[in-house]
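Number of protein chains: 2
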Amino acid sequence: MNDYLDEITWNDQGLVPAIAQDQGSGQILMMAWMNREALKKTIELKQGVYWSRSRQKLWHKGESSGHVQHVKEITIDCDADTVLLQVDQVGGIACHTGRAHCFFRRLTGKGWQNTESVLKDPSEIYGKQP
Amino acid sequence: MNDYLDEITWNDQGLVPAIAQDQGSGQILMMAWMNREALKKTIELKQGVYWSRSRQKLWHKGESSGHVQHVKEITIDCDADTVLLQVDQVGGIACHTGRAHCFFRRLTGKGWQNTESVLKDPSEIYGKQP
Numbered sequence: 018m019n020d021y022l023d024e025i026t027w028n029d030q031g032l033v034p035a036i037a038q039d040q041g042s043g044q045i046l047m048m049a050w051m052n053r054e055a056l057k058k059t060i061e062l063k064q065g066v067y068w069s070r071s072r073q074k075l076w077h078k079g080e081s082s083g084h085v086q087h088v089k090e091i092t093i094d095c096d097a098d099t100v101l102l103q104v105d106q107v108g109g110i111a112c113h114t115g116r117a118h119c120f121f122r123r124l125t126g127k128g129w130q131n132t133e134s135v136l137k138d139p140s141e142i143y144g145k146q147p
Numbered sequence: 018m019n020d021y022l023d024e025i026t027w028n029d030q031g032l033v034p035a036i037a038q039d040q041g042s043g044q045i046l047m048m049a050w051m052n053r054e055a056l057k058k059t060i061e062l063k064q065g066v067y068w069s070r071s072r073q074k075l076w077h078k079g080e081s082s083g084h085v086q087h088v089k090e091i092t093i094d095c096d097a098d099t100v101l102l103q104v105d106q107v108g109g110i111a112c113h114t115g116r117a118h119c120f121f122r123r124l125t126g127k128g129w130q131n132t133e134s135v136l137k138d139p140s141e142i143y144g145k146q147p
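Structure below.
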């Protein structure tokens, strides 16, 4: 019973944009992409699983960092071409830069300015490369 | 001084996904796309202007319905490939279906179920076609 996957408007690469929103605060944590397999896994695991376009593989968010996303609700929009996840973000860090969320660059008269501080050094989150 | 546009990671079609979030409630209203011109116009007008992929033209949201979006803040994410707008949605209706927002189809055991009622009939918003 994968009918719910057939209702999604996948793009010509078989992907759909997926927004992760913190269920408690409403903060938008990140925007990533899913293919059918990623959305299916997300539903099965009740954790955010995406498709990494750069690595061309499934990306179970938090797999290495421990910062998984517990998915509480999944919605799609009117034309079924965007997925929205309501999540609880373990560790309070969604961004690979070590910030709480990814949308930390705000447009000001001086261009894009950082608005959020790094909560944890990425090398601490992911470990130093060997 | 368009340097801020050069910092965006435009996709191979020259577009970037743009999320509109209600500044007051935190509700995600819609996800659409912008090209350089749309983002520039959005900044100039302080209102949401998108690129309509179906009509292949600039789309000043609310132009015909009056339901414009007053843009209060613009942020980009860590890799600068998604734009997030904090907006005040005039009329409280962001979706072309006449609903407050576009993400009204929630995944349940019975598939995608509508969760939001129509606030205004689309024919009232856009007028009947001649």
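Protein chains in written order, with this note's numbering: chain A, 18 to 147; chain B, 18 to 147.
Even glycine gets a Cβ: it sits at the ideal position worked out from N, Cα and C.
- Nearest C-alpha to I142/A among E24/A, N28/A, D39/A and H84/A: H84/A.
- Under the DSSP definition of a beta bridge, T125/B partners with G128/B.
- Interface annotation, W129/A: in contact with chain B, CB-CB separation under 9 Å.
- About 19 Å separates the Cβ atoms of L136/A and Q38/A, ruling out a contact at the 8 Å cut-off.
- Straight across, the Cα-Cα distance linking F120/B with D94/A is about 4 Å.
- In this structure, N52/B places its C-beta atom within 9 Å of the C-beta atom of G31/B.
- A117/B sits close to Q106/B, with the two beta carbons spaced by under 9 Å.
- Between G128/B and D20/A, the beta carbon gap of about 6 Å places them in contact (Cβ cut-off 8 Å).
- Think of a sphere of 8 Å around the beta carbon of Y67/A: no beta carbon from chain B falls inside it, the nearest being about 13 Å out.
- For D94/B, the three-state secondary structure derived from DSSP is coil.
- Where L22/B is concerned, the enclosing alpha helix (DSSP H) starts and stops at D20 to D23.
- Under the three-state reduction of DSSP, K78/B is assigned to coil, being neither helix nor strand.
- Residues of chain B whose Cβ lies closer than 7 Å to the Cβ of T99/A are, in chain order, M48.
- Taking the C-beta atoms as reference points, T125/A is found no nearer than 9 Å to P34/A.
- Taking a Cβ-Cβ cut-off of 7 Å, the neighbours of Y21/A in chain B comprise L124, G128 and W129, given in sequence order.
- The beta carbon of D96/B lies closer than 7 Å to those of T26 in the same chain, with the five residues before and after it left out.
- Between the alpha carbons of H113/A and H77/A lies a distance of about 13 Å.
- Annotation: P139/B to G115/B spans about 5 Å, alpha carbon to alpha carbon.
- The C-beta distance from V88/A to K57/A rounds to 13 Å, too long to meet the 8 Å contact threshold.
- Taking the C-beta atoms as reference points, I91/B is found nearer than 9 Å to I60/B.
- Here S69/B carries a strand assignment [DSSP, helix/strand/coil].
- The C-beta of T26/B comes no closer than 9 Å to any C-beta of chain A.
- Of all residues in the region 30 to 61 of chain A, only P34, I36, Q38, S42, G43, Q44, I45, M47, M48 and I60 place a beta-carbon less than 8 Å from a beta-carbon of chain B.
- When secondary structure is reduced to three states using DSSP, L62/B falls in the helix class.
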